[in-house]
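Residue numbers (my numbering), protein chains in the order written: chain W, 1 to 241; chain A, 1 to 241; chain E, 1 to 241; chain X, 1 to 241. These notes are about the structure you will find just below.
Protein chains: 4
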Amino acid sequence: MAEELKFPTGLGTSDADSISLLGQDLAADLMGKVGFGELAFWLVAKRRPSSGEVRVFESVLVALADHGFTPTAIAARLTYLSAPNSIQGALAAGLLGGGSRFLGVTEDCGRFLASALAAGRTAEDIAGSGERIPGLGHPVHKVRDPRTPVLIGIAKEEGLYGPHLRLLDGIAAVHPKKLPLNGAGVCGAALADLGLPVEMLRGFALLARAAGLLGQIAEEQQRPIANDIYMTVDRNAVFEP
Amino acid sequence: MAEELKFPTGLGTSDADSISLLGQDLAADLMGKVGFGELAFWLVAKRRPSSGEVRVFESVLVALADHGFTPTAIAARLTYLSAPNSIQGALAAGLLGGGSRFLGVTEDCGRFLASALAAGRTAEDIAGSGERIPGLGHPVHKVRDPRTPVLIGIAKEEGLYGPHLRLLDGIAAVHPKKLPLNGAGVCGAALADLGLPVEMLRGFALLARAAGLLGQIAEEQQRPIANDIYMTVDRNAVFEP
Amino acid sequence: MAEELKFPTGLGTSDADSISLLGQDLAADLMGKVGFGELAFWLVAKRRPSSGEVRVFESVLVALADHGFTPTAIAARLTYLSAPNSIQGALAAGLLGGGSRFLGVTEDCGRFLASALAAGRTAEDIAGSGERIPGLGHPVHKVRDPRTPVLIGIAKEEGLYGPHLRLLDGIAAVHPKKLPLNGAGVCGAALADLGLPVEMLRGFALLARAAGLLGQIAEEQQRPIANDIYMTVDRNAVFEP
Amino acid sequence: MAEELKFPTGLGTSDADSISLLGQDLAADLMGKVGFGELAFWLVAKRRPSSGEVRVFESVLVALADHGFTPTAIAARLTYLSAPNSIQGALAAGLLGGGSRFLGVTEDCGRFLASALAAGRTAEDIAGSGERIPGLGHPVHKVRDPRTPVLIGIAKEEGLYGPHLRLLDGIAAVHPKKLPLNGAGVCGAALADLGLPVEMLRGFALLARAAGLLGQIAEEQQRPIANDIYMTVDRNAVFEP
C-alpha cells in the first residue's frame, strides 16, 4: 500500500554531512560546550537549563547514583557473572529493579506534591490527614537523611527553592510523627521545582543509577563478588515443599 | 551453617547517620561539588578526573547520547507504548540494543587500538594489513563524520590527545581506502586515552544513550509516534509461509 | 560476622549425583514423563495438574503465544538487529512490553473476577454499574473474538468451567453494550478457574509470548525485516521542535 | 513520502473475524489440539514436529527449566523485590543472565557439533586435538550428570538419536580425560538432531528457563527470600578503596 508517513521529532536527526540534536549542530554547538547532565535535562525538558538549574539537577543525580549493595546492584552483578559478554544486559537487569519499592520514592514524592499543589492543599491539611506521604521517613536514616539539608541548601543558594520543596518542608515541620525527610523524596521535590515533568522523575533516578551500576559492574570486573553471593545462597538452600 | 562473610566495595556504604560514596561523604563532599559526568568517571575509574578529563569525557557522552530514530530508540518507544507504567522497562529495552552492531564501535575501536599498542604495531602496518579496522568508515557520513575533528580538537586543547587517538589518526592518514574516521570510534579512542578500562567503553556509550532514551520516552509521552509505527508495520504485514 | 543462613525453596536443588525439582528426581521422574506446559503449571502452583487442567492451560498458552507484528514483536526484532549476539536481550526486550496495555488484560480480567467473586457480586450488579470491565470488548474483533467460544468449550469439555468463566459469561450476556468477550481476558478467567494465583496470570501470558518471540527472532534470522522497519521510520523523520 | 511497504511473516496475522498462526486457524485448528511445547517447536522450525520429536523436545525443556538458586534465579527475585508491580521486569532480568557462562553450553555444544560434522571430523580427531569441547565436563556433576543417560535413552526410543548425539557420545568415549557429558550440552546435541537451527538453541534454553523463573517469582510472592539475600550482602559489606 502506498502511503504518506511522517514521524516528527525534536531530538536527533542527521544527513550525510551533519548531525543535529535539539535543533543544534551536535559537533559545532554542543560537544565540549554542554555538560552531560545539562544535555540530559535539555533532552527531556526541551529547553536549555540555566547554570543554577544544572547545579541542582546534577546534585540530584549525584545523590541518587549509588547506594552500595542494593538489590539492583546485586542483580546487575549476578547478571554480569552469568553473561559477561553483554554488559548491556547487566545494566538493564539492574535498572529493571527501578520500580515502586527502591527507586520509586523520587517520582512518588514529586507526583504527590504536584497534585497537592494543584488541589490547593496546605501542609497542615496534608500532615493532619493521616495519609501516607511519599518522601517522609527513611528505613535507615531514622533521625536525619544527610542528603536532605544539603540539597535544600543548594536549591536555596540557586534561587530554586520552589513550591514543591516548600510544601514538603512544611509537611515535615508540622507532621505529628516528626519523621525525617527522605533524601530521595526531596530529590523528587527539587526536580519538580525545576519544572521537569513529574511523569519523568523516575527516569532521572534511573539515569543516576545507570552511572552507579557502571561503577558496580566495573568493580565486579576487577574484584568480583557475585560468585560469592551466588555460592552463599546456593550452599544455604534448604528444600521445603 | 555459620560462616564468615565479607563483601568488599569501594563504592557506596551507609549507616544510620551518614552515606559514603567512593570514600567521600556523599552529602558534604560530593553533592553540589561534583558534576554528574565527573562522578560517572570516578565511579568506574576509582579516581577523580581532572577538569580537562571531564571535558573530554562529557564531550564523548554528548556525542553519543542520541541519534534520532535508531532501532534502540524505536524499541524503547514501542515498549513504553505497551507498558507505560514501567518506564524502567522502556529504558532497559532501549539499552538492550546496545550490542555489537549499533553501539559497539566505541568499545571495538578502543579495544582494537589498545591491543595494537600493546603489540607495538604501527599505523602503516595496520593500514596495510587488509584487516577490518573498527572506527574506520561510517554508513552515513561517507566523507566526514562531523564529530571527529571536534572531538580530536577538544582532546588536543586539553592535552589529552594520547597514543590511542594518535594511532587511529595515523591509520586513517595512510589507509589506502581513504575512509573517514567514525565519530563513535573516535570516542572509544578518546576514552582509552583517558585511561578508562577498555572493558567498560560500551558501558559509557550505554550511559550516554540512557540520557537520549529518556528524551525519546519524554517525547513519546508528549507527542507519541510509537502507535503509528506499530500500525504502519501491522497494516503492511503480508503472510508468506 | 558468623551467621546462620537458610534459604528455603520447593523448586530445584542438586548435589554431585542428583538433581531434584519439585521434590522429584528430575532425570528419573520428570524428563520424558512430564510435558513442558505441565511442568510450568506445577512450578507455579506447586501441585501437578490433571490432564484436563493441562489441556485448558496449554490452550491458553497457545492462544496467547503470538499475534503477529505487535509492539513487543517489533521491539524484539529491532533489538536483535542491534545486538545479534545477545538473543537473551532481544527476548527480554520483547517481554518488557508485557505490561498494562498489550498483554495486561489476561491478569486484569482474572483479578477483577476474583475480587468480584470474593465480594459476592453478581453479573447483573457488575454489568449495571457502568464500571470498565477488563476482558469485555476488543479493539479488532468487534463482533466476536474467535478464541472465546473455543476456550470456553474446552473448559466445559474438561469439567473446568468454573466460577470465573461463569461470571464473565454472565456479565457479557446482560451487559447493555453487547460487547464481545476478549479472548485474552477469557484466558485470565480460565486460568483463575484452574486455581492459579491471580498475581501470576501476567506471568503465564509472558511465558506464552516467550515462545512467540522465539518464532519472531528465528524468522528475523532467516528473513529479516527489522532493518526495513528502522529505515522506514528514519527516512520519514521530520524535525519539529 | 508515498511508498510501498511490505512486511512478510509466516507467523501470526489477524483481521476482524479471524486469527491465523503459522497458516492455521488459531482457534479452530490449534487451541486444544496442539501442545505448548509443540507450538514453540513449530514457531521456530516452521514445521509441525512428530510426536517423537515433541517428546525429545519437551524432555530438553524440562531438563533446563530450573536449577535452583542460580544467579539468574536470584537476579529475578531481587528485581521482583525492588519492582513488584512489573513481573515482566523480574522475568526479563532473570533471562538476561542467559548468556555465555550459565545457559550457554546448550548452544555452544550444538554449534560445535554441527560445525565438526560439517567439517567431517571424527570423534577420535576431536578428542585427540586438545581443544576445549563444550558439553564435556560439569562443575558439580563430576562423575555423571543424571540427565545425560535419560535424554540419550529418550532420543533412542524415539528413533531420534542422530549424528550430533552420536558424535558427542563418541567424543566422550575416547576422550583421554574421561569427563562426563554435561546434561545441558547433551540437550544442545539433541535439539540439533531434531533439525532445529543452531542459532536458536540458546533461545530454547531461555524458554525453558522462563518457566523456571515463573516458579521462582511465584515462590518469592509466597515465601520471600530476596530481602534476606539483600540484607545478607549489605550487612557484610566492607569498604575497601
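For glycine and all other residues, C-beta sits at the position ideal for the given N, C-alpha and C.
{"Item": "Cross-chain neighbours of Q216 of chain X in chain A, by beta carbon under 9 Å", "Value": "The premise fails here: Q216 of chain X is roughly 19 Å from chain A at the closest Cβ pair, so nothing lies under 9 Å."}
{"Item": "Close Cβ partners of L81 of chain X (< 8 Å) along its chain, the five nearest in sequence each way excluded", "Value": "E220, P224, A226, N227 and Y230"}
{"Item": "Interfacial residues, the stretch 84–101 of chain W to chain E, with Cβ spacing under 9 Å", "Value": "N85, S86, Q88, G89, A92, A93 and L96"}
{"Item": "E38 of chain E versus H175 of chain W - alpha carbon distance", "Value": "54 Å"}
{"Item": "Chain-ordered neighbours of E199 of chain A on chain W, where CB pairs are closer than 7 Å", "Value": "Q221"}
{"Item": "Short CB-CB distance (under 9 Å) between E58 of chain E and chain X", "Value": "yes"}
{"Item": "Contacts around A172 of chain E, its chain only, beta-carbon distance under 6 Å, and the 5 residues preceding and following it disregarded", "Value": "L181"}
{"Item": "Nearest neighbour of G32 of chain A, chosen from W:F7, W:R209, W:L206 and W:G153 [CA to CA]", "Value": "W:G153"}
{"Item": "Chain-ordered neighbours of G23 of chain E on chain W, where CB pairs are closer than 8 Å", "Value": "F239 and P241"}
{"Item": "Buried or exposed (CB count within 10 angstroms, at least 16 for buried), P241 of chain A", "Value": "exposed"}
{"Item": "Interface residues of the stretch 177–210 of chain X facing chain W [CB-CB below 9 Å]", "Value": "none"}
{"Item": "For V238 of chain E, the residue or residues it bridges with in DSSP", "Value": "W:P8"}
{"Item": "Span of the beta strand (DSSP E) around S20 of chain W", "Value": "I19 to L21"}
{"Item": "Bounding residues of the alpha helix (DSSP H) (the contiguous stretch that carries L160 of chain A)", "Value": "Taken as a continuous stretch (DSSP letters only), L160 of chain A belongs to no alpha helix (DSSP H), as it is neither H nor E."}
{"Item": "Where the alpha helix (DSSP H) containing P71 of chain X begins and where it ends", "Value": "P71 to S82"}
{"Item": "Best match in A:A45, A:E3, A:S14 and A:E199 for proximity to E107 of chain A [C-alpha to C-alpha]", "Value": "A:E199"}
{"Item": "Per-residue contacts from P134 of chain W into chain E (C-beta, under 7 Å)", "Value": "Simply none; closest approach about 21 Å."}
{"Item": "Inter-residue Cα distance where the pair is G12 of chain A and F69 of chain E", "Value": "44 Å"}
{"Item": "Chain A contact for G10 of chain X (CB, 9 Å cutoff)", "Value": "yes"}
{"Item": "Burial state of P49 of chain W (16 or more Cβ within 10 Å)", "Value": "buried"}
{"Item": "Residue-chain proximity (N236 of chain W, chain E), Cβ-Cβ < 9 Å", "Value": "yes"}
{"Item": "S115 of chain A, DSSP secondary structure in three states", "Value": "helix"}
{"Item": "Length of the line joining the Cα atoms of C109 of chain X and G99 of chain X", "Value": "14 Å"}
{"Item": "Cβ neighbour criterion (16 or more within 10 Å) applied to A83 of chain A", "Value": "buried"}
{"Item": "D25 of chain W, DSSP secondary structure in three states", "Value": "strand"}
{"Item": "is_contact[V105 of chain W, chain X] using C-beta, thresh 9 Å", "Value": "no"}
{"Item": "Three-pair Cβ contact test at 8 Å for the stretch 140–158 of chain W versus the stretch 49–67 of chain W", "Value": "yes"}
{"Item": "T106 of chain E - DSSP class collapsed to helix/strand/coil", "Value": "helix"}
{"Item": "Expected contact under 8 Å - CB spacing of A93 of chain X and A119 of chain X to nearest Å", "Value": "Not really, about 38 Å apart at Cβ, beyond 8 Å."}
{"Item": "Test: I74 of chain X CB closer than 9 Å to a CB of chain W", "Value": "yes"}
{"Item": "Validate contact between the stretch 58–66 of chain W and the stretch 202–216 of chain W using beta carbons, cut 8 Å, 3 pairs", "Value": "yes"}
{"Item": "Residues bridged to T13 of chain E (per DSSP)", "Value": "E:S20"}
{"Item": "Residue span of the alpha helix (DSSP H) that contains D193 of chain X, given as start and end", "Value": "G183 to D193"}
{"Item": "Between the CA atoms of L91 of chain A and L168 of chain W - distance to the nearest angstrom", "Value": "29 Å"}
{"Item": "Limits of the unbroken alpha helix (DSSP H) element including L43 of chain A", "Value": "F36 to A45"}
{"Item": "Residue-level contact to chain C via CB, L81 of chain A, 9 Å cutoff", "Value": "The structure shown contains no chain C; its protein chains are W, A, E and X."}
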